[in-house]
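Structure record follows, encoded as C-alpha cells.
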Amino acid sequence: MRLGIACLVLSYVLSQFYRAFLAVLTPVLEADLGMTKVDLASASGLWFLAFALMQLPVGAALDRFGPRSTTAACLMVGALGALLFASAGSPDGIKLAMALIGVGCSPVLMASYYIFAREFSATAFATLAAATIGIGSLGNIAASLPLTAAVEAFGWRETVFGLAAITAAVGVAVFALVRDPARVAAGQGGSVLSLLRIPQLWPIFAMMFVCYAPAAGLRGLWLGPYFTDVWGYSRAEIGQAGLWMGLAMVAGSFAYGPLDRWFGTLKWVIFIGNLLMCVCVAGLALWAGQSPGLALALLVGVGFFGATFPLVVAHAKAFFPPHLIGRGVTLVNLFGIASAGIAQEATGRIHAATVVAGHAAAPFQAVFAFFAVAVALGLVIYLMSQDRRA
C-alpha cells in the first residue's frame, strides 16, 4: 500500500508540474509558435477544463473500478498529450495537447484521497490530504528553475518528450503497485445527484469555486507574462519568481494540514486563510506597478494562504455517505478545477480588453482585481456553511 501511495503522490507531482509549466515556457512558445497571451490562457484553461470534465466519470470509476486501473489508464492519455505537445507546430496543437494532459492528470489526487478516506481514520484525512498536496507541489518547483535549466540545456521539445516518457513510466508503476481498497456495498444507492441534494455542501462548493483559481492561475500562467511585460524579467528570473511562489504553496499545504485539529474547526481555518489570500490578490491589483519585490511578496502570500484546497475537500467529505466517497471527492474537485479553467479563459479576455499603450501594468491589474472580487464573493457565501469535522 505504501509503494502504491508513493506512486500516486509522484503522479500528483507531475500533475502540479503540468498545470504550472506554461509560465516558464511562455517566451519560447511565443517565439517558436507565435502564441499570444490569449492562446496561452486558452491552453492553460483547457488543461483545467478537460481535467474538470473528467471528474464525474473519474468519481464513478473510483467507486466502481478502484484507483489502480482508473489512474493508470488516464496517465497513458497524459503521456500521449505530452508527446503531442512536444511535436506541436501551432497554437492549436498545444491547446489539444494541454487538454489531453488534463485528462491524464484528472484522477491522480482524488485516487489518493479515495484511499485515505477508505483506509485511514477520518481525523487523519485533512493532514494526509494536505501532505499529499505539499509533496505534490514540488511539481510547481520543478516547473520553475529546474524546467528553465532543462529547456536551456536540451530545448523545450526534447524536455517535453522526456516528460512524456516519465509520465508513461509512472502510469505503469501505478498499475503495478497500487492496491485497491475493498469495495463498499452500495447500500441505499445514490449518485452525484444525491450529493447535490445535500444543502450543507453548497456553501462549501462556493468556497472551492474560488479558493484554488487565484494561485493556480497566477502561478500556472500570469506570473510569467506579468514579470516579463511589466518588469522585463528574463526566463531565468521568471523561473526564480515561480520557484518562490511554488515554495510558498508547498509550505502553505504543510502548514494548513494540522490546523483543523489544533483549533477544532475546519470552517474558520479555511475562511481566515482565504481572507488573507484575498488581501494579497487585492494588493496586487492596487500596486501591480509599484515594485517587483512587493509583487513577488504578494504572490508568495497568495501561494501560501491560498493552499486551503485539501481542507475544503475535508470539510465537504464530512457530509458524504461512505459508498459515495469517490463521487464526492471528485465532485468537490470539479468545482475547484473547473473554476480555474473558467478563470483562465476569462482572464485571457480581460487582459486583452484592458491593454493600454504605455501602461504595461493595467491589464494585469484587471486580472488581479478579477480574482480578488471572486474570492470576496466566495467568502461571503461560505459564511453560511455548517462547520463539521469527520
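Residue numbering for the sequence shown follows the numbering used here, beginning at -2 and increasing consecutively.
Built from N, CA and C at the ideal position, the CB exists for glycine as well.
Which residues DSSP lists as bridging residue i, in chain order
i: residue 353; result: 356
Of the residues the options, the one placed nearest residue i, counting alpha carbons only
i: residue 119; options: 234, 361, 139, 316; result: 316
i: residue 374; options: 205, 262, 86; result: 205
i: residue 320; options: 162, 73, 115, 53; result: 115
i: residue 98; options: 143, 54, 12; result: 12
i: residue 226; options: 209, 286, 240, 280; result: 286
i: residue 380; options: 143, 269, 310; result: 269
i: residue 102; options: 213, 74, 309, 343; result: 74
i: residue 53; options: 240, 343, 188; result: 188
i: residue 43; options: 382, 364, 342; result: 342
i: residue 344; options: 236, 154, 364; result: 364
i: residue 303; options: 9, 369, 329; result: 369
i: residue 323; options: 140, 59, 200; result: 59
i: residue 165; options: 41, 71, 258, 242; result: 71
i: residue 36; options: 346, 247, 362; result: 346
i: residue 336; options: 264, 295, 210; result: 210
i: residue 262; options: 10, 113, 67, 385; result: 385
i: residue 138; options: 80, 154, 26, 18; result: 18
i: residue 278; options: 159, 64, 298, 260; result: 298
i: residue 231; options: 15, 207, 24; result: 24
i: residue 144; options: 62, 216, 236, 171; result: 236
i: residue 256; options: 307, 371, 65; result: 307
i: residue 361; options: 161, 96, 382, 228; result: 228
i: residue 240; options: 371, 62, 146; result: 146
i: residue 224; options: 291, 16, 152, 163; result: 291
i: residue 233; options: 150, 161, 338, 179; result: 150
i: residue 161; options: 371, 366, 329, 14; result: 14
i: residue 111; options: 62, 152, 91, 158; result: 62
heavy atom of the ligand NAD below 7 Å from residue i C-beta
i: residue 122; result: The model on display carries no ligand, and the ligand NAD is accordingly not part of it.
Cβ-Cβ distance between residue i and residue j below 8 Å
i: residue 45; j: residue 334; result: yes
i: residue 220; j: residue 238; result: yes
i: residue 305; j: residue 267; result: yes
i: residue 156; j: residue 148; result: yes
i: residue 131; j: residue 250; result: yes
i: residue 129; j: residue 106; result: yes
i: residue 49; j: residue 331; result: yes
i: residue 133; j: residue 6; result: yes
i: residue 212; j: residue 280; result: no
i: residue 198; j: residue 190; result: no
i: residue 243; j: residue 141; result: yes
i: residue 325; j: residue 313; result: yes
i: residue 253; j: residue 121; result: no
i: residue 69; j: residue 81; result: no
i: residue 214; j: residue 340; result: yes
i: residue 41; j: residue 296; result: no
i: residue 154; j: residue 79; result: no
i: residue 167; j: residue 104; result: no
i: residue 100; j: residue 201; result: no
i: residue 366; j: residue 282; result: yes
i: residue 39; j: residue 92; result: yes
i: residue 329; j: residue 207; result: no
Alpha helix (DSSP H) runs contained entirely in the stretch 236 to 290, provided each spans 4 or more residues: Segments of the alpha helix (DSSP H) lying fully in the stretch 236 to 290: 256 to 260, 264 to 283.
I'd like the ranges of any alpha helix (DSSP H) spanning at least 4 consecutive residues and lying wholly in the stretch 88 to 121. 88 to 102, 105 to 116
Kindly confirm or deny that the stretch 21 to 37 and the stretch 81 to 92 touch, where touching means at least three C-beta pairs closer than 8 Å. Three or more beta-carbon pairs separated by less than 8 Å link the stretch 21 to 37 to the stretch 81 to 92, which places the two stretches in contact.
Given 8 Å as the limit, is there contact between the stretch -1 to 19 and the stretch 160 to 179, that is, 3 or more CB pairs closer than that? Taking 8 Å as the limit for Cβ pairs, the verdict is that the stretch 160 to 179 does touch the stretch -1 to 19.
Quick check: the stretch 339 to 356 against the stretch 272 to 283, are at least 3 beta-carbon pairs closer than 8 Å? no
Inter-stretch contact (C-beta, 8 Å, three-pair minimum) for the stretch 357 to 369 and the stretch 279 to 296: yes
Of all the alpha helix (DSSP H) runs that stay within the bounds of the stretch 31 to 92, which reach a length of 4 or more residues? List check, alpha helix (DSSP H) in window: 34 to 50, 52 to 61, 64 to 84.
Runs of alpha helix (DSSP H) wholly within the stretch 307 to 350 (minimum 4 residues, chain order): 322 to 350
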